[in-house]
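Number of protein chains: 2
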Amino acid sequence: MSLDLLSIYEHATFLISIKKSFLQKPYFYTSRSSQMHQNLVAYIHRYVEMSDTEIEVFNRYLIKRKISKREHLIEAQKETCTARYYIVKGCVRLYYFDEKGNEQIIHFGIDNWWISDYESLVNQLPAKLHIQAIEDTELLELTTEAFEQLSKKLPKVERLFRIIMEKTTVAFHNRIAYMLSSSGEELYTTFINANPGFCQRVPQYMIASYLGMTPEFVSKVRSRTKNNS
Amino acid sequence: MSLDLLSIYEHATFLISIKKSFLQKPYFYTSRSSQMHQNLVAYIHRYVEMSDTEIEVFNRYLIKRKISKREHLIEAQKETCTARYYIVKGCVRLYYFDEKGNEQIIHFGIDNWWISDYESLVNQLPAKLHIQAIEDTELLELTTEAFEQLSKKLPKVERLFRIIMEKTTVAFHNRIAYMLSSSGEELYTTFINANPGFCQRVPQYMIASYLGMTPEFVSKVRSRTKNNS
DNA sequence: AATACTCCTTAATCATGATTAAGAAGTTTA
DNA sequence: TAAACTTCTTAATCATGATTAAGGAGTATT
Chain X
1 MSLDLLSIYE HATFLISIKK SFLQKPYFYT SRSSQMHQNL VAYIHRYVEM
51 SDTEIEVFNR YLIKRKISKR EHLIEAQKET CTARYYIVKG CVRLYYFDEK
101 GNEQIIHFGI DNWWISDYES LVNQLPAKLH IQAIEDTELL ELTTEAFEQL
151 SKKLPKVERL FRIIMEKTTV AFHNRIAYML SSSGEELYTT FINANPGFCQ
201 RVPQYMIASY LGMTPEFVSK VRSRTKNNS
Chain P
1001 MSLDLLSIYE HATFLISIKK SFLQKPYFYT SRSSQMHQNL VAYIHRYVEM
1051 SDTEIEVFNR YLIKRKISKR EHLIEAQKET CTARYYIVKG CVRLYYFDEK
1101 GNEQIIHFGI DNWWISDYES LVNQLPAKLH IQAIEDTELL ELTTEAFEQL
1151 SKKLPKVERL FRIIMEKTTV AFHNRIAYML SSSGEELYTT FINANPGFCQ
1201 RVPQYMIASY LGMTPEFVSK VRSRTKNNS
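The listed protein sequences derive, respectively, from chains X and P.
The numbering of the first sequence is this note's numbering, which starts it at 1 and goes up by one.
The numbering of the second sequence is this note's numbering, which starts it at 1001 and goes up by one.
This is how it looks when you write it as structure tokens:
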């Protein structure tokens, strides 16, 4: 069972397997227009072919957004999620409050992930998930209405999102596989080994929540591994 | 947090919300041609509009398959997964062996689910998952090659699968949410309340594996709840 | 500079659920 | 019909990780 089982960079990992240079040179395309857009262009080209004209059409349906650290993109109960969001740069968390009132993080969104509260989006129900920025974050918003219009003009957008959702399913399969077969200590050490950079961007208690353990336990594991090495 | 959080009928639940009569009258469409096909027709019509001609085209790319109880559809390591499978009737499990040699069930596939080892399918890698019939099962196989040809002829097939994968993502979000916030006892009792019929079709130890607990613990929980009621 | 946050650590106690081991009941196969 | 599986149960012991509580270090805010 390889380390990247618990990688939150699941998407990126697969991108790399197609064209390694992408993540190493993320600013390659920046000369022509704004970086935000060209970041997504590079992403799209990993999955479907799209002409400059088509990219231009796609771009017209996107709304640039910035949210600052701690700001919410979506607040559960208060609203229905009406868009898919592409994270150009930054980090968000998707979380909810369980019956005992504890925050539970069910997903992190980082650069090059598309995120949404899909249950709210697909079924047009009030959101159950909060989506909050952990860092200042740049996003591109594709509303459901925009998506529907765009996919009529550009049917291959459906293909793009079909592929994205399949990649997402792979990530969830792997995460559940690892959750089922590992102890808490294994989960934590595997996670930090798989995502060393990420763990310095995010408070420890959020990683604990994502992995389904208490911050105190993470602390214990850390001190144990420190003493053993 | 509603009961259907742990329902393996997640897909079906959403189908019902669009047209309740579907699952109550699953044989409504059977007069015209074989039941297998018409079962899928009804499914497709929940998500996209498709003319009789288009349905006929779609159907030409499908291969009918039957596997009997205990037979494997996919065996990990031995092969690469090259198809998506629609379950017309029956039940399969997706599982793998962890480093300690334990079977871990990461997903059940039942009537009206599309299943696959998506990691193997998407990245063309040897399968890591075994897919095995728990009951005699009727399937429709859509190979990757057939899918590619079909989606060129019928672009809306991409839309169909995009929607299916979004529904799947919702199911995984909810499953992870519940895994993170519930005790083993809660997980088990919620699961059997959400899927009473299913639990009579499947051995208890498989449910234990799916929920990430030992069969002995399930047994203990059952005797506890028996005595309390 | 003082106060209030936010985040992390440590340690004692406790409970959930795993492990181990034995056996029983039901179902196949020979 | 006996032998061999498969599945489930029970109970004793043990370990992982939660809970509780206290304190400390770093960072914002006034």
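Note that CB positions come from ideal geometry on N, CA and C, so glycine has one too.
- Among the CB atoms of chain X, one or more fall inside 8 Å of the CB of P:Pro-1155.
- Interface flag for X:Leu-180 against chain P is set, since a Cβ pair is found closer than 8 Å.
- Chain-order list of chain X residues neighbouring P:Met-1206: empty, with the shortest C-beta distance near 13 Å, by a criterion of under 9 Å.
- When C-beta distances to chain X are compared with 8 Å, the residues of the stretch 1193–1225 of chain P below that value are Ser-1209, Gly-1212, in chain order.
- With contact defined as three or more Cβ pairs closer than 8 Å, the stretch 81–97 of chain X and the stretch 122–130 of chain X are in contact.
- Residue P:Leu-1150 holds the alpha-carbon nearest to the alpha-carbon of P:Ile-1055 among P:Thr-1169, P:Leu-1150, P:Gly-1184, P:Ile-1134.
- Taking the CA atoms as reference points, X:Phe-147 sits about 8 Å from X:Tyr-61.
- By the Cβ neighbour-count rule, X:Gly-101 is exposed, with fewer than 16 other Cβ atoms within 10 Å of its own.
- Relative to P:Thr-1137, the option among P:Ser-1223, P:Glu-1099, P:Phe-1108 whose CA is nearest is P:Phe-1108.
- Look at P:Asn-1112: its C-beta is not under 8 Å from any C-beta on chain X.
- Taking 8 Å as the cut-off, the Cβ atoms of X:His-45 and X:Ile-131 do not count as close.
- In terms of CA proximity to X:Met-179, P:Ile-1106 leads the group P:Lys-1064, P:Val-1057, P:Ile-1106, P:Arg-1093.
- Between the stretch 152–160 of chain X and the stretch 1201–1209 of chain P there are fewer than three C-beta pairs closer than 8 Å, too few to call the two in contact.
- Distance from the Cα of P:Glu-1119 is smallest, within the candidate group X:Ala-133, X:Glu-166, X:Cys-91, X:Lys-153, for X:Glu-166.
- The closest CA to that of P:Asn-1112, considering only P:Asn-1039, P:Glu-1099, P:Ala-1208, is found on P:Asn-1039.
- Residues of chain P with a Cβ closer than 9 Å to the Cβ of X:Tyr-188 do not exist, since the nearest Cβ in that chain sits about 14 Å away.
- DSSP places X:Lys-167 outside any beta strand (DSSP E); the residue lies instead in the alpha helix (DSSP H), whose first and last residues are 156–181.
- Pairing X:Met-50 with X:Lys-152 gives a Cβ-Cβ distance that is not under 8 Å.
- Annotated as distal: P:Leu-1140 and P:Tyr-1205, with beta-carbon spacing of 8 Å or more.
- Per DSSP, the unbroken beta strand (DSSP E) holding X:Glu-141 starts and ends at 137–143.
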